[in-house]
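*Asks:* Below is the structure I would like to discuss, written out as structure tokens.
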Amino acid sequence: MKQMHLSQSTAKPNTVRHYLRLSKTDMDKILEAVNMLLAMDKELIHIIGVTLRMSFFSTLISCIIGMPMGVILEKGRFRGRQLLKKISSTLMGLPPVAAGLIVYMLFTKYGIFGSLGLLFTVEIMVVAQVILITPVVTCLTSSVVSVSGKNLRETARGLSLSRKKTMGLFLYHNRKALLSVLLTAFGRSIAEVGAVSLVGGNIQWKTRVMTTAILLETNKGKFTFALALGIVLLLISLTVNVLASLLTKGDKTDD
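Under our numbering, think of the first position of the sequence shown as 63, with each following residue one higher.
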């Protein structure tokens with residue numbers, strides 16, 4: 063009886079596959095996806111490159127536009143400021159497909175900007191992303207300003223600093239918070255599907271990004287390729303979230 067008990071206890075699987083409740087087929091697909099990444103599959107690398115390029119430029123442009131707007135909306139004194147703040151907050155929840163549809167209509171052959179021929183290019187995908195991300199950057203920056211602006215203004219007055227130096231003081235004091243805003247914008251950009259699929263067309267070797275490729279390959283039944291892209295996307299998203307979290311904690315510690 064004792065020997066039987068020992069044999070039963072040793073028979074219990076103690077593998078990662080067991081704890082994750084994965085079948086042998088699932089594990090094989092994951093291993094194939096990892097091997098595909100290690101082999102540096104050309105199409106895989108191209109898709110990752112297009113995704114990072116699109117996300118980088120859309121985040122950069124959104125921050126260039128959105129951060130000054132956030133400061134102006136919080137510290138400016140002009141008519142319609144509250145209305146603009148409400149519009150900006152509302153646009154944070156703009157459905158990506160709706161934004162993509164608006165851009166598509168503007169840049170289609172018969173649209174206002176149709177002559178530019180930008181439809182189904184990475185550039186138009188960046189435009190759609192900027193429309194989606196700028197309100198997010200604006201509102202987050204406005205929140206940063208509202209928290210630290212009062213103390214900094216009093217410090218600047220006490221030191222008789224000019225507006226330029228006051229802005230420099232603000233940027234330095236809130237560098238971690240603003241970098242966290244930038245990382246949040248990048249995270250939003252890299253995870254987008256609807257808008258970029260609509261205006262980019264998900265064209266192979268041209269406008270195909272990780273999110274749209276995962277959707278397409280899954281529908282085609284090519285789970286290994288989709289898994290490989292999913293692993294990369296998860297790693298990037300995890301890295302961005304961890305960095306943003308560390309910066310936020312560091313900012314609180316400094317305060």
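Built from N, CA and C at the ideal position, the CB exists for glycine as well.
Do Ser120 and Val192 have their C-beta atoms within less than 7 Å of each other?
*Replies:* Yes, these two residues count as a Cβ contact at 7 Å.
*Asks:* Answer yes if the stretch 142-154 comes into contact with the stretch 185-202, meaning at least three C-beta pairs across the two stretches below 8 Å, and no otherwise.
*Replies:* The stretch 185-202, when compared against the stretch 142-154, does touch it at the 8 Å Cβ threshold.
*Asks:* Taking only the alpha-carbon atoms, compute the straight-line gap between Lys284 and Leu135 and give it to the nearest angstrom.
*Replies:* Taking the straight line joining both Cα atoms gives about 48 Å.
*Asks:* Could you give the distance in angstroms between the alpha-carbon of Lys282 and the alpha-carbon of Leu163?
*Replies:* Each residue's Cα considered, the two are about 25 Å apart.
*Asks:* In this structure, how does DSSP classify Lys64 when only helix, strand and coil are distinguished?
*Replies:* Low local confidence applies: a pLDDT of 47 at Lys64 is under 50, so the model's placement there is unreliable, with the coordinate-based value given in what follows. Here Lys64 sits in helix by DSSP.
*Asks:* Could you check if Leu178 is buried or exposed, using at least 16 other CB atoms within 10 Å of its CB as the buried criterion?
*Replies:* That one is exposed.
*Asks:* Quick one, are the C-beta atoms of Val302 and Thr273 less than 7 Å apart?
*Replies:* Going by C-beta atoms, Val302 is not nearer than 7 Å to Thr273.
*Asks:* Mapping DSSP to helix, strand and coil, what is Arg141?
*Replies:* Here Arg141 sits in coil by DSSP.
*Asks:* Among Arg219, Lys238, Glu185, Leu156, which one has its Cα closest to the Cα of Ala306?
*Replies:* That would be Lys238, whose Cα lies nearest to the Cα of Ala306.
*Asks:* Measure the Cβ-Cβ separation of Leu297 and Ser242 and say whether it is below 7 Å.
*Replies:* Cβ atoms of Leu297 and Ser242: not closer than 7 Å.
*Asks:* For Glu185, which of helix, strand or coil comes out of DSSP?
*Replies:* Of the three classes helix, strand and coil, the one that applies to Glu185 here is helix, per DSSP.
*Asks:* Take the Cβ of Val304 as the centre, count every other Cβ of all protein chains shown within 10 Å, and call the residue buried at 16 or more, exposed below.
*Replies:* Counting Cβ neighbours within 10 Å, Val304 comes out exposed, since fewer than 16 surround it.
*Asks:* Tell me, please, whether the stretch 152-160 touches the stretch 243-252 by the rule of three or more beta-carbon pairs shorter than 8 Å.
*Replies:* Counting Cβ pairs under 8 Å, fewer than three are found: no touch.
*Asks:* Find out if the Cβ-Cβ distance for the pair Gly132, Thr203 is shorter than 7 Å.
*Replies:* Taking 7 Å as the Cβ cut-off, Gly132 and Thr203 qualify as a contacting pair.
*Asks:* Since Lys268 is in the alpha helix (DSSP H), which residue starts that stretch and which ends it?
*Replies:* Looking at the DSSP string, Lys268 is not in any alpha helix (DSSP H), and its letter there is neither H nor E.
*Asks:* Mapping DSSP to helix, strand and coil, what is Val255?
*Replies:* In the structure shown, Val255 sits in coil (DSSP, three-state: anything other than H, G, I, E or B).
*Asks:* Can you give me the start and stop residues for the alpha helix (DSSP H) that Ile164 sits inside?
*Replies:* Per DSSP, Ile164 belongs to the alpha helix (DSSP H) from 158-169.
*Asks:* I'd like the list of long-range same chain contacts for Leu240, defined as Cβ closer than 8 Å, with 5 residues on each side in sequence excluded.
*Replies:* Excluding positions up to five away in sequence, the list reads Met129, Thr203, Val206, Leu233.
*Asks:* Here's the rule I'm using: 16 or more other beta-carbon atoms within 10 Å means buried, otherwise exposed. How should Arg270 be labelled?
*Replies:* Arg270 should be labelled buried.
*Asks:* Just the Cα atoms here: how many angstroms apart are Gly176 and Met89?
*Replies:* If you take the alpha carbons of Gly176 and Met89, they lie about 48 Å apart.
*Asks:* Using 7 Å as the threshold, is the C-beta distance between Ile276 and Ala288 below it?
*Replies:* Yes. Within cutoff.
*Asks:* Assuming Thr246 and Ala95 form a contact by the criterion Cβ under 8 Å, report the distance between their Cβ atoms to the nearest whole angstrom.
*Replies:* With a Cβ gap of about 28 Å, Thr246 and Ala95 do not count as contacting.
*Asks:* In this structure, how does DSSP classify Ile126 when only helix, strand and coil are distinguished?
*Replies:* Note: Ile126 maps to helix in three-state DSSP.
*Asks:* So what's Lys284 in DSSP terms, helix, strand or just coil?
*Replies:* Of the three classes helix, strand and coil, the one that applies to Lys284 here is coil, per DSSP.
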